[in-house]
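A.B. asks: Provided herewith is a single structure, encoded as structure tokens, for subsequent inquiry.
There are 2 protein chains.
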Amino acid sequence: MAGKKVLLVYAHQEPKSFNGSMKQVAVEELSKQGCTVTVSDLYTMNFEPRATRNDVTGALSNPEVFKYGIEAYEAYKKKALTSDILEEQRKVQEADLVIFQFPLYWFSVPAILKGWMDRVLCQGFAFDVPGFYDSGFLKDKLALLSFTTGGTAEMYTKAGVNGDFRYFLWPLQISFGPEVSSEEQRKVMLASWVQRLKSIWKEEPIHCTPSWYFQG
Amino acid sequence: MAGKKVLLVYAHQEPKSFNGSMKQVAVEELSKQGCTVTVSDLYTMNFEPRATRNDVTGALSNPEVFKYGIEAYEAYKKKALTSDILEEQRKVQEADLVIFQFPLYWFSVPAILKGWMDRVLCQGFAFDVPGFYDSGFLKDKLALLSFTTGGTAEMYTKAGVNGDFRYFLWPLQISFGPEVSSEEQRKVMLASWVQRLKSIWKEEPIHCTPSWYFQG
Numbered sequence: 000m001a002g003k004k005v006l007l008v009y010a011h012q013e014p015k016s017f018n019g020s021m022k023q024v025a026v027e028e029l030s031k032q033g034c035t036v037t038v039s040d041l042y043t044m045n046f047e048p049r050a051t052r053n054d055v056t057g058a059l060s061n062p063e064v065f066k067y068g069i070e071a072y073e074a075y076k077k078k079a080l081t082s083d084i085l086e087e088q089r090k091v092q093e094a095d096l097v098i099f100q101f102p103l104y105w106f107s108v109p110a111i112l113k114g115w116m117d118r119v120l121c122q123g124f125a126f127d128v129p130g131f132y133d134s135g136f137l138k139d140k141l142a143l144l145s146f147t148t149g150g151t152a153e154m155y156t157k158a159g160v161n162g163d164f165r166y167f168l169w170p171l172q173i174s175f176g177p178e179v180s181s182e183e184q185r186k187v188m189l190a191s192w193v194q195r196l197k198s199i200w201k202e203e204p205i206h207c208t209p210s211w212y213f214q215g
Numbered sequence: 000m001a002g003k004k005v006l007l008v009y010a011h012q013e014p015k016s017f018n019g020s021m022k023q024v025a026v027e028e029l030s031k032q033g034c035t036v037t038v039s040d041l042y043t044m045n046f047e048p049r050a051t052r053n054d055v056t057g058a059l060s061n062p063e064v065f066k067y068g069i070e071a072y073e074a075y076k077k078k079a080l081t082s083d084i085l086e087e088q089r090k091v092q093e094a095d096l097v098i099f100q101f102p103l104y105w106f107s108v109p110a111i112l113k114g115w116m117d118r119v120l121c122q123g124f125a126f127d128v129p130g131f132y133d134s135g136f137l138k139d140k141l142a143l144l145s146f147t148t149g150g151t152a153e154m155y156t157k158a159g160v161n162g163d164f165r166y167f168l169w170p171l172q173i174s175f176g177p178e179v180s181s182e183e184q185r186k187v188m189l190a191s192w193v194q195r196l197k198s199i200w201k202e203e204p205i206h207c208t209p210s211w212y213f214q215g
């Protein structure tokens, strides 16, 4: 939808991968719609996944015992978070839609993307007490997890080797096994992704709830 | 149990934290039992969570299109994985019991620990085709997730703000909200942990299944 802002948080090492294609067609389709699309290409950015003392510039509020969550919250309020976190928070803040594009690693997001969540979505920014997720960063925004799997869809059924995928991830946009699919099937997956993006603005906003973050 | 080997994969930045105490009492109790305990202190090691081309020494099997899973599998077979991965695989291989000690971040493991899982538990080592998890790295080993939460136990019930924790993590050893507990309550948690460790060798071995890795 013209004028909308989209943040695409992308976690794949290889531009020629299927994830790379999913990212690319999303950028093209959304740009064609007149949206402004920003991509956070985590591997290219060499995004830091580790939550450490380095995330706080200046003095800690308790230098004796380091508590990451508390220090990040205090630093958020004092605008003393490190610049890479501030930059991502700014992108999220501006976005109407946040898309996460990644391959499934051990039934969850790759560590580099988990680090983005751990560090960017700090208290004060992503949630607060009281209210928790109600006042969260996704309020009045759309969000979409788009990911690929190594196995086929059959492997993620109740009888399959990996179990029913509904038990471990809210199924939003799954590209099952592009590596074990034909070129034709990959094209269908990309086309269905573009189709989804065409009507994305009509979808109901998703608030940041624990079930959304089931596999955070 | 005397003679047993234990690997403790520990992911907290602060030795004086409750996680630090859980780690410490585990080392003490298990050593007292005559076990050999190895600790992988991920933050102190500055463990690399990002799965990249750097994980493979020497030439890639496909330099044109980088596929992490395939390259890691090939490198595992050729003993060409980078040394930090090899070292962790050796520790896992030797261990009779693997304990993961961490604070819950966004309903899952911290990124640094997710990176340990993504990189150390590669195909060939942790699973293979066919057979998948049956031939896995935890076969005939014990494993235990021991983690702390920020919120209280009430917040992780069906009616609570975070939802029922059984939906997002197999409850193995949870230390609910040590930071919001009294010193007395923290002592009870540590004591119950030590108690659990006393009879740990009588527990049934857990195989590496998707449900175990629910929050991988």
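Residue numbers (numbering that gives the first Met the number 0), protein chains in the order written: chain A, 0 to 215; chain B, 0 to 215.
Idealized CB from N, CA, C, for every residue including glycine.
Can you have a look at residue 153 of chain A and say buried or exposed, based on whether 16 or more other CB atoms are within 10 angstroms of its CB?
C.D. replies: exposed
A.B. asks: Give, in chain order, every residue of the segment 96-108 of chain A whose Cβ lies closer than 9 Å to some Cβ of chain B.
C.D. replies: For the segment 96-108 of chain A, which is checked against every Cβ of chain B, the residues closer than 9 Å are 102, 104, 105, 106, 107, 108.
A.B. asks: For chain A, check one thing: does any of its Cβ atoms lie closer than 8 Å to the Cβ of residue 65 of chain B?
C.D. replies: yes
A.B. asks: Tell me whether residue 54 of chain A sits in a helix, a strand or coil according to DSSP, three-state version.
C.D. replies: helix
A.B. asks: Residue range of the alpha helix (DSSP H) that residue 184 of chain A falls in?
C.D. replies: Taken as a continuous stretch (DSSP letters only), the alpha helix (DSSP H) holding residue 184 of chain A covers 182-197.
A.B. asks: Among residues of its own chain, excluding the 5 on either side of residue 38 of chain A, which ones have a beta-carbon nearer than 6 Å to its beta-carbon?
C.D. replies: 7, 9
A.B. asks: So, helix, strand or coil for residue 177 of chain A, using DSSP?
C.D. replies: helix
A.B. asks: Could you check the C-alpha separation between residue 61 of chain A and residue 70 of chain A for me, to the nearest Å?
C.D. replies: 8 Å
A.B. asks: Suppose the cutoff is 8 Å on Cβ atoms and the five residues either side in sequence are ignored; what does the same chain contact list for residue 198 of chain B look like?
C.D. replies: Counting only Cβ-Cβ distances below 8 Å, and skipping sequence neighbours, we find nothing.
A.B. asks: Within 10 angstroms of its Cβ, does residue 49 of chain A collect 16 or more other Cβ (buried), or is it exposed?
C.D. replies: Buried is the call here.
A.B. asks: Below 7 Å between beta carbons is the criterion; list the residues of the segment 1-14 of chain A that meet it against any residue of chain B, in chain order.
C.D. replies: Taking 7 Å as the Cβ-Cβ cut-off against chain B, the residues of the segment 1-14 of chain A that qualify are 12, 13.
A.B. asks: For residue 102 of chain A, which beta-bridge partners are listed by DSSP?
C.D. replies: Paired residue(s): A:147.
A.B. asks: Looking at the C-beta of residue 72 of chain A, does it have a partner C-beta in chain B at a distance below 8 Å?
C.D. replies: no
A.B. asks: By Cβ distance below 7 Å, which residues in the same chain neighbour residue 53 of chain B in space, the five residues on each side in sequence not counted?
C.D. replies: Apart from sequence neighbours up to five positions away, the residues of its chain that approach residue 53 of chain B with a beta-carbon distance below 7 Å are 81, ordered along the chain.
A.B. asks: Can you pull the chain D neighbours of residue 120 of chain A, defined as C-beta to C-beta under 8 Å?
C.D. replies: Here the protein chains are A and B, and chain D is not one of them.
A.B. asks: Going by DSSP in three states, residue 140 of chain A sits in which element: helix, strand or coil?
C.D. replies: coil
A.B. asks: Just checking my contact of residue 51 of chain A with residue 122 of chain B at CB under 8 Å: how many whole Å lie between their CB atoms?
C.D. replies: Incorrect: roughly 30 Å between the Cβ atoms, too far for contact.
A.B. asks: Whole angstroms are fine: how far does the CA of residue 21 of chain B sit from the CA of residue 168 of chain B?
C.D. replies: Because the pLDDT at residue 168 of chain B is just 48, under 50, the model does not fix this residue reliably, and the point stays unresolved.
A.B. asks: With a CB to CB cut of under 6 Å and the five nearest residues on each side skipped, what residues in its chain are close to residue 112 of chain B?
C.D. replies: 10, 101
A.B. asks: I need the straight-line Cα distance from residue 14 of chain B to residue 23 of chain B, nearest angstrom please.
C.D. replies: 9 Å
A.B. asks: Could you give the uninterrupted runs of the alpha helix (DSSP H) lying entirely in the segment 56-127 of chain B, keeping only those of 4 residues or more?
C.D. replies: 67-76, 82-93, 110-119
A.B. asks: Based on the DSSP output, what are the partners of residue 39 of chain B in its beta bridges?
C.D. replies: B:8
A.B. asks: Output yes if chain A places a C-beta closer than 8 Å to the C-beta of residue 37 of chain B; else output no.
C.D. replies: Answer no: the Cβ-Cβ gap between residue 37 of chain B and chain A never drops below 8 Å.
A.B. asks: If you compare alpha carbons, which of A:192, A:176, A:149, A:2 is closest to residue 68 of chain B?
C.D. replies: A:149
A.B. asks: Which residue comes first and which comes last in the alpha helix (DSSP H) that contains residue 46 of chain B?
C.D. replies: In the DSSP annotation of this structure, residue 46 of chain B is not part of any alpha helix (DSSP H), being labelled neither H nor E.
A.B. asks: Would you call residue 212 of chain B buried or exposed, if buried means 16 or more other Cβ atoms sit within 10 Å of its Cβ?
C.D. replies: Residue placement at residue 212 of chain B cannot be trusted, given a pLDDT of 33 that sits under 50; what the coordinates show is reported in the next sentence. Buried is the call here.
A.B. asks: Do we get a CB-CB distance below 8 Å when we pair residue 49 of chain A with the residues of chain B?
C.D. replies: yes
A.B. asks: Can you tell which of A:118, A:182, A:64, A:127 has its C-alpha closest to the C-alpha of residue 47 of chain A?
C.D. replies: When each option's Cα is compared against that of residue 47 of chain A, the closest is A:118.
A.B. asks: For chain B, find out if any of its Cβ atoms is closer than 8 Å to the Cβ of residue 110 of chain A; answer yes or no.
C.D. replies: yes
A.B. asks: Could you round the C-beta distance between residue 196 of chain A and residue 58 of chain A to whole angstroms and report it? I think they count as a contact, below 8 Å.
C.D. replies: No, residue 196 of chain A and residue 58 of chain A are not in contact; Cβ-Cβ is about 45 Å, not under 8 Å.
A.B. asks: What first and last residue would you give for the alpha helix (DSSP H) that runs through residue 19 of chain B?
C.D. replies: Its alpha helix (DSSP H) spans residues 17-31.
A.B. asks: Kindly indicate if chain B contains any beta-carbon less than 8 Å away from that of residue 113 of chain A.
C.D. replies: yes
A.B. asks: Residues of chain B with a CB under 8 Å from the CB of residue 52 of chain A: which are they?
C.D. replies: Simply 12.
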